[in-house]
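Residue numbering for the sequence shown is 82 to 258, as defined by the UniProt record's numbering. Ideal Cβ positions, reconstructed from N, Cα and C, are used throughout, including at glycine. A quick note: this is a predicted structure, and the numbers were derived from the prediction, not measured. Reading through the structure tokens given below for one structure.
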Amino acid sequence: EQVDQTYIMIKPDGVQRGLVGEIISRFEKKGFLLKGLKLFECTKELAEEHYKDLREKPFFPKLIDYITSGPVVCMAWEGVGVVASARKLIGATNPLQAEPGTIRGDLAIQTGSFSEVVFALGLLKPCKESHSYGKLSCRNVVHGSDSPENGLREIELWFKEGELCQWTQIQAPWLRE
Ligand code: DAT
Ligand code: MG
């Protein structure tokens, strides 16, 4: 069994909305091992490096503005299959499509373009502006790495040496046979 690490980050909306405890507890209750945790204000440069694969997307500038709009909570979690499992706990990228029971499904509404949200809620009829991104950013409260490789890359990016802890959970024998 492969033990992986994943980088989980509570985004500025999650912090501002008072969801830090709720979100951490979902991973904690599942039984994963917390290796690192901090409240952090990230620079534009760090946010851009983190999301470098999305550089060409039309929503990239909004995404960077959003991620740097307030403190985030950075976490490193370890466990068997933790990357895929955390993605399931988090749910689909678009909170309007995320299943109930997932973090985004339970705790978020907004994502992507202004138009996508207002049309989904039936607040406005489509107009010319519906094709532009903007107005609102993609607020989906939490980030989770999409592969074990990216888990390691992102943990290295967001944490400095000495910020991660090596420890054994007392519950470890009860979690894994
Ligand atoms: P995820 O966060 O589910 O891994 P991703 O890596 O594809 O999704 O995108 C990173 C973030 O960018 C995502 O959490 C929200 C934002 N985003 C993705 N697709 C978007 C879109 N079509 N419009 C606006 N924002 C988007
Ligand atoms: Mg991603």
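Using a C-beta cut-off of 8 Å, the segment 114–126 makes no contact with the segment 177–189, since fewer than three inter-stretch Cβ pairs fall below that distance. Residue 146 and residue 125 have their C-alpha atoms some 8 Å from each other. In the displayed model, residue 182 falls within coil according to three-state DSSP, outside both helix and strand. A direct Cα-Cα distance of roughly 8 Å separates residue 151 from residue 97. The beta-carbon distance between residue 167 and residue 87, rounded to whole angstroms, is 5 Å. This is short enough to meet the 8 Å contact definition. Counting C-beta pairs with one atom in each stretch, the segment 235–246 and the segment 102–109 have fewer than three that are closer than 8 Å, which means they do not touch.
Ligand 1 has no heavy atom closer than 7 Å to the beta-carbon of residue 121. The beta-carbon separation of residue 154 and residue 91, rounded to 4 Å, stays under the 8 Å limit for a contact. If you draw a 10 Å sphere on the C-beta of residue 160, you find 16 or more other C-beta atoms in it, and that means buried. Set against 7 Å, the gap from the CB of residue 94 to the closest heavy atom of ligand 2 is not smaller. Scanning its chain for C-beta atoms nearer than 7 Å, with the 5 sequence neighbours on each side dropped, one finds around residue 123 the residues 148, 149 and 153, in chain order. For the 8 Å CB-CB criterion, residue 85 and residue 232 form a contact. Every unbroken stretch of the beta strand (DSSP E) spanning 3 or more residues and falling wholly within the segment 151–183 is given here in chain order: 153–161. Straight through space, the alpha carbons of residue 248 and residue 172 are spaced by roughly 29 Å.
Relative to residue 157, the option among 236, 128 and 138 whose CA is nearest is 236. Closer than 7 Å to some heavy atom of ligand 1: that describes the Cβ of residue 224.
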